[in-house]
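All the letters of the sequence shown, read from the start, carry residue numbers 1 to 361 under UniProt numbering.
C-beta: ideal position from N, C-alpha, C; glycine also.
Below: the structure, in structure tokens.
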Amino acid sequence: MQPGGAGEFEAVGRGVVEQGADRAAQAFGGDGGIAVGGVRALGVVAQAVLGGIGRIGGGVEHQPVLRGHRTRFAALAPFAALTAVLGRHRHRGDGQARDQAGSEAGPELEAGGHGDPEKKGCGYYRPHRPKCKPFSTVTSLLCLADVLDPAACAAARAQFAGLPARDGRATAGWAARGAKQNQQLDPAHAGVRELRDRLAAEVAAHPMLRQFARPARLGEPLLSRYGVGDAYGPHVDDALMGEPPLRTDLAWTLFLSEPDSYDGGELVIESLEGETPVKLPAGALVVYDCGALHRVAPVTRGERLACVGWIQSRVRDSRQRALLFTLDQARRALHAREGDSAEFLQLSQVHSQLLRMWAEA
Numbered sequence: 001m002q003p004g005g006a007g008e009f010e011a012v013g014r015g016v017v018e019q020g021a022d023r024a025a026q027a028f029g030g031d032g033g034i035a036v037g038g039v040r041a042l043g044v045v046a047q048a049v050l051g052g053i054g055r056i057g058g059g060v061e062h063q064p065v066l067r068g069h070r071t072r073f074a075a076l077a078p079f080a081a082l083t084a085v086l087g088r089h090r091h092r093g094d095g096q097a098r099d100q101a102g103s104e105a106g107p108e109l110e111a112g113g114h115g116d117p118e119k120k121g122c123g124y125y126r127p128h129r130p131k132c133k134p135f136s137t138v139t140s141l142l143c144l145a146d147v148l149d150p151a152a153c154a155a156a157r158a159q160f161a162g163l164p165a166r167d168g169r170a171t172a173g174w175a176a177r178g179a180k181q182n183q184q185l186d187p188a189h190a191g192v193r194e195l196r197d198r199l200a201a202e203v204a205a206h207p208m209l210r211q212f213a214r215p216a217r218l219g220e221p222l223l224s225r226y227g228v229g230d231a232y233g234p235h236v237d238d239a240l241m242g243e244p245p246l247r248t249d250l251a252w253t254l255f256l257s258e259p260d261s262y263d264g265g266e267l268v269i270e271s272l273e274g275e276t277p278v279k280l281p282a283g284a285l286v287v288y289d290c291g292a293l294h295r296v297a298p299v300t301r302g303e304r305l306a307c308v309g310w311i312q313s314r315v316r317d318s319r320q321r322a323l324l325f326t327l328d329q330a331r332r333a334l335h336a337r338e339g340d341s342a343e344f345l346q347l348s349q350v351h352s353q354l355l356r357m358w359a360e361a
């Protein structure tokens, strides 16, 4: 994940900013949040600012704890609506949060058969959780389902098979070269560039990604193939890539293989509080902080195909990005319920002023 001399891919917006309100309103429904392991998405996003950690994947789960957010926000009138949303789960215990996840999933969990504990992906690893929601986040991760539809994923996999590949170490920085063992499609081939740019344009056009990442530039993506025995050991992505240099604030992985077609191959993101393994359905996307130590676990069966890339954000501080995203989702949910209320206008004013303070033109 450390290309040397990677060029620049400019995102094609396709009017996604205008689409953002509709997509957010559809995703959040009527009450302004989506259940993620019993904690609503707004509260979990705020965790990137206020502390705590969750998991996507197997292993022990650390339930989110929003530390002192009610008292921090209560003194500011424009944050009143946000305080109510973030405070909703403050005193909820682990068991109650799990029960809430099941009750909020309701018929969707039963009718869709999403309780299968053997399935993997965003929310797949625990039988009480629903499948990957249209929008969900855990700590500093953003997971988006169905960035590509099944037909587009199948077409990408078929195209993958006929394109030339090279040793993936050619695109790794000197420090990570010894840890990397995979293949990457050769960008010198016109077919590789066409597939790469088409997939990256779908990622760049997603309105929720644009709200979360505030992209200024997208780096040139890579198309990677991991076969049996391939892996990428712990590493940190280069801070600067390409020419002119792209500052890598965020990285993304678009999964192209179905999770049951291969074993292993999880993207494992490390933090002070443990590891977060991520293995999503084909067509789903994960976005995460480039400063995190991360790895790809060895593939023990099948083949893992993915497209990976990097984002330079207009807001370089991850805590500021998380706060802006949380405010944006809160005001959109409020507008869906109340329209242009006084509280909505206050939240919009705060969001706009913070963006002016923190964004780089």
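field: Delimiting residues of the beta strand (DSSP E) encompassing E343
entry: Where E343 is concerned, there is no enclosing beta strand (DSSP E), although the alpha helix (DSSP H) it sits in stretches over A342 to W358.
- prompt: Are P298 and G264 touching if we call contact CB-CB under 7 Å?
  reply: yes
task: Return helix, strand or coil for C153, following the three-state DSSP convention.
output: If DSSP states are grouped into helix, strand and coil, C153 belongs with the helices.
message: So, at 8 Å on beta carbons, what are the nonlocal neighbours of L324 in its own chain, with the 5 sequence-adjacent residues on each side left out?
response: R214, V315, H351, L354, L355 and W358
query: Can at least three beta-carbon pairs, one atom from the region 254-273 and one from the region 302-322, be found at a separation below 8 Å?
result: Note that the region 254-273 touches the region 302-322; at least 3 beta-carbon pairs, one per stretch, sit closer than 8 Å.
- request: Mind the definition here: the region 275-286 touches the region 243-262 only if three or more C-beta pairs lie below 8 Å; say whether that holds.
  value: With a cut-off of 8 Å, the region 243-262 and the region 275-286 count as touching, because enough Cβ pairs lie within range.
message: Quick check: what's the CA-CA separation for H294 versus L347?
response: Rounded to whole angstroms, H294 to L347 spans 35 Å at the Cα level.
field: For D289, three-class secondary structure by DSSP
entry: strand
query: Three or more C-beta pairs closer than 8 Å, one from the region 215-222 and one from the region 241-257: is that the case here?
result: Yes, since at least three Cβ pairs between the region 215-222 and the region 241-257 fall closer than 8 Å, the two stretches touch.
- prompt: In three-state DSSP terms, what is P187?
  reply: coil
- prompt: What residues match up with V299 in a beta bridge as DSSP calls it?
  reply: G264
- request: Name the two residues that bound the continuous alpha helix (DSSP H) containing S318.
  value: S318 to E338
task: Kindly indicate which residue of R321, A145 and A155 has the alpha-carbon position closest to the one of D289.
output: Ranking R321, A145 and A155 by Cα distance to D289 puts R321 first.
- prompt: So what does DSSP say about L148, is it helix, strand or coil?
  reply: In the structure shown, L148 sits in coil (DSSP, three-state: anything other than H, G, I, E or B).
message: Just list the residues that DSSP pairs H235 with in beta bridges.
response: H294
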